Amino acid sequence: MQYKLSRISLLISGLFIAASPLTYAAETTEIGKVTVQGDATGGTNTGLIQQEESAKARSSVNRDYMEKQSATSNPYQMINLLPGVNTYDNDGTGLFGGNIRVRGFNSDQLGFTVNGAPVNDSGSFAVYPQQFTDPENMCEVFVTQGSTDTEAPHVGATGGNIGMTTCTPEDERRFRTAFTYGSNNLRKGYVRLDSGKLFDGRFKFFISYSKTEADKFKGSGGADKQHIDFNSKLDLGGGSFVDTGFMYNKAVNNNYRSLTKAQIAQYGRDYDFGTTAPVHLPGGPGAQDESGGPNANIIGGPKDGYYGFSLNPFQNWLATVNAHFRLSPTSSVDVSPYFWYGFGTGGNQLQTLKETSGGNQLGGGTGDINRDGDTSDTILAYEGSRTRTFRPGVTLKFNQQIDNHRLMFGYWYERARHQQSGPYSAIDSNGNPSDMWQDNPDVWLKNRDGSYIQYRDTLTISTGKSAFMQDSISLMQDKLNLQLGARYSSIDRDFTNYPSQSAGGYYAFKKSYSDLLPSLGLRYQLTSAQSVFFNAAKNFKAPGNFSYFGLISGGTFVNGVYTGGKVRSVAVDKETAWNYDLGYRYAADKLTFSGSVFFTDYKNRIASAFNPDTNSRTDYNVGDSTSKGFELESGYALTRNLSLYGSLSYIKTKMKTDMPWSGTFSLPTAGKEFPDTPNWLSGLSVQYARDSWYVFGSAKYTGKRYSSLVNDDSLGGYTVFNTGAGYTFPSSSWLKKPTMRLNVNNIFNKEYLNMNSGSGSQFTTNAQAVGPVAASAPTFYVSAPRSFSVTVTADF
């Protein structure tokens, strides 16, 4: 089989060959830690590669890299160049979210943490990167490709974890301001106060606030975001300390319209939601259908839609505490409680509501909504996916050093209350809803018996638990490190469905998933500069709570009571994966290199696919599958000022069985690759920094990938180039480090498509008709055009 590599892939391959580790002398070491001599810092100047010691594949970016990127970048954009990472954002600013896959693992198969606290959705495990910390306050984003950390607080991560760490407060008192202006009317204001050391140097904190606005690059609407970050550090003495953090985010975003290839061919890439607000028909005798007439092309039609009712208002906050108590020189305890709160709505809020009446309807029927004297109309209303989550949790760890053993024992517990509903409220003919946030029950529409009209109404209480232990053993004078770990993880789902339009009557059930997850890690120090590692770990993921929706069928309402219905069992089971890594690392005065080969063996892999028979998305176990490949990354310092970073990844995925559909028919998925998993990925960054200025350029190649489970539709490969530059002006007595930086994304205005799969594993089963299964065209987001941003920063 032949593979056609892009020019940038070949260039990066040449970079690894030219920077062969065998051409450099070994460096000196300390026990258990590689140290680097000289000014070149092993090619880590770009901040895109660190000199890792973990016995597993791990990559990260630090503050050196992040402070040179756009001031609105989200974490996905920060790690875009790292090996194995396939990511996109919807418009270049990072404000509208996006998606990520690592080694083909979907975002809802990866565990995400902020300062150690999990931030995946507690129900579906989805991730929304625009909700996290301001980039000005992030100091590290790391990726463990494939193997989740033993102590990681996850029950939905078969593919490793991604962690974000907030910077600690500054030692000196400081007031920082920054302003950003860019394409599409992008504006961001940011202020931060650092207290400096207080109370004899034992306590310090910072607090920051930002407000960001931007227009969409196509269509009407935009993003409006407010964000607060707080962090403090209390030194208790003797090696003990308490770190606290708080993050608050409030945003209202209009959605971009995803398009099929046929729509792009017919209407063009700039086609988006329209600006014509839907109107109400005059009431009167007879049946009025407000989805027709002047609204025919607005209500879910392919030609228009209204942008003002396709938006995502959401607010959330996260409080964390990381308390470390040194009990003795060889033992310590860590206590890390957290609390996550989230509330908002989303999706397409413009819906139709058919009037009903009579005792044999839910709630006695909707009654006369538009009050025209009859109950035969179809009325426009505002309804979206309303979600409220309360999520407290805590991780406890005990650490003990005994001779050459570093032991860790711990327990993680959380209880998430996830309430999902779909109330309706009125809209006027100017495109205004009664309550955009759907948080005012006084304006919700009601049934005849006084109950609220709900499209859905569910409550999921998810209790996650993990008991874990790990022994890190130092052997052969620390040349060999052996790491043995195990955790027993479980999640209990307590699901309740209340009567609603989409799910009939009441039903409730409990479902538990658990597994023992062992891990083995080996790291051997060949020389002071070279090491090899091997890692094997088992991970698992429970199905999302959407698997429990709509399980009731048959039955009717009699006097408002649902009778005769049957509740189906949950067909989807947990997925598990064994991940294996074998790698090599090199660290010297000019070069830092890391390379690994990997193999992943899935059981019962979960994919959420579109079912054209039911016109809905459904979770499936698509059977067993495998992934294998290699990843390389290198940082190389050509001179004290000029640095290169390169990454190259190859992956081949394979589904082992056909996917059962209905009766005796199965979709032909055996031997096919997983969608949105390009065989080749590569990244390159070149940076020149001197005294008070710097300039850099970067490029990312994403190879061909499929867009359906049966591989009957695909997207071609593409390369995107970005650049940036910055200059720090001389300080004065009252103005410190005034800095200006410029960032330009997609320099050459490259056009490409991204899959519409923001929640992770949502795929089209088949784009062309297969036997009795009708065709369903996948939808895509078009790439953002060239854009720029200028940021001015100063300290006082």
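Heads up, the final residue of the sequence shown is numbered 981 in the working numbering, and it's a clean run with no missing numbers. Backbone N, C-alpha and C fix where the C-beta goes; we use that ideal spot for every residue, glycine too. The structure displayed is predicted, hence computed values, not measured ones.
Ignore the nearest five residues each way along the sequence and tell me which others in residue i's own chain have a CB closer than 7 Å to its CB.
i	result
Ser616	Inspection of the sequence shows that residue 616 is occupied by Gly rather than by Ser. Excluding sequence neighbours, Gly616 sits near Ala462, Tyr491 and Gly493.
Ser716	Arg708, Tyr709, Gln710 and Arg770
Asn934	Pro970 and Arg971
Gly289	Ser812, Ile836, Thr838, Phe859 and Thr862
Asp897	Asn951, Ala952 and Gln953
Gly424	Arg511
Leu823	Leu829
Can residue i and residue j be called in contact, C-beta distance under 8 Å?
i	j	result
Ser332	Ser832	no
Tyr567	Ile612	yes
Asn907	Ser883	yes
Gly649	Thr231	no
Phe680	Tyr598	no
Ser395	Gly374	yes
Gln623	Thr515	no
Gly531	Asn501	no
Thr574	Arg602	yes
Met349	Pro487	no
Gly552	Asn632	yes
Thr563	Thr537	yes
Gly404	Phe458	yes
Ser307	Ser647	yes
Pro354	Phe391	yes
Phe431	Ala504	yes
Under 8 Å by Cβ, that's how I've got residue i and residue j pegged, so tell me the actual separation to the nearest angstrom.
i	j	result
Tyr747	Tyr691	7 Å
Asn720	Ala240	6 Å
Asp293	Gly341	7 Å
Ile234	Tyr787	The Cβ separation is near 29 Å, so there is no contact.
Thr365	Thr976	4 Å
On the three-state DSSP scale, how would you describe residue i?
i	result
Met661	coil
Val755	coil
Arg286	strand
Glu760	strand
Pro863	coil
Val975	strand
Phe783	strand
Met263	helix
Leu547	helix
Ile484	coil
Ile983	Residue 983 lies beyond the residue range present for the chain, which begins at 186 and ends at 981; the question has no answer from this structure.
Tyr456	coil
Phe494	helix
Met621	coil
Gln872	strand
Gly422	strand
Val628	helix
With a cut-off of 8 Å, does the C-beta of residue i fall near any C-beta of chain D?
i	result
Thr563	Going by chain labels, chain D is absent from the structure shown, which holds only one protein chain.
Beta-carbon within less than 6 Å of residue i's beta-carbon, same chain only, minus the 5 sequence neighbours each way: which residues are those?
i	result
Asn533	Ser495
Gly1053	Nothing about residue 1053 can be read from this structure; the chain reaches only from 186 to 981.
Pro923	Phe914 and Ala979
Met661	none
Glu398	Arg372 and Asp409
Ile285	Tyr261, Thr272 and Ser292
Arg454	Val967
Leu378	Phe360 and Ile392
Please name the residue in the options whose C-alpha comes closest to that of residue i.
i	options	result
Met938	Thr913, Asn951, Leu927 and Thr964	Strictly speaking, residue 938 in this sequence is Leu, with Met absent from that position. Out of Thr913, Asn951, Leu927 and Thr964, Thr964 has the C-alpha closest to the C-alpha of Leu938.
Thr761	Asp474, Asn305, Met621 and Ala722	Ala722
Gly856	Gln236, Met840 and Ala311	Met840
Gln315	Asp455, Gly277 and Ala242	Gly277
Gly868	Glu238, Pro260 and Asn265	Asn265
Phe310	Phe725, Lys751 and Ser779	Phe725
Asn434	Gly308, Tyr637, Tyr313 and Met251	Tyr313
Asp656	Ala671, Gln546, Ser614 and Met251	Ala671
Ser182	Trp878, Ala962 and Gly729	The shown model of the chain, from 186 to 981, leaves out residue 182, and the question about it has no answer.
Asp677	Lys695, Val755 and Gln448	Lys695
Ser699	Asp843, Ser675 and Gly283	Ser675
Using a Cβ-Cβ cutoff of less than 8 Å, which residues in the same chain neighbour residue i once the five nearest sequence positions on both sides are dropped?
i	result
Arg753	Leu736, Ile737 and Ser738
Asn480	Pro463, Val464 and Leu565
Leu168	The requested residue 168 is not part of the displayed model; the chain covers only 186 to 981.
Pro579	It is worth fixing the name first, because residue 579 is Val in this sequence and not Pro. Hits under 8 Å: Val520, Ser521, Pro522, Tyr523, Trp597, Tyr598 and Glu599.
Phe850	Gly956, Pro957 and Val958
Ser619	Tyr567, Ser610, Ala611, Ile612, Asn625 and Val628
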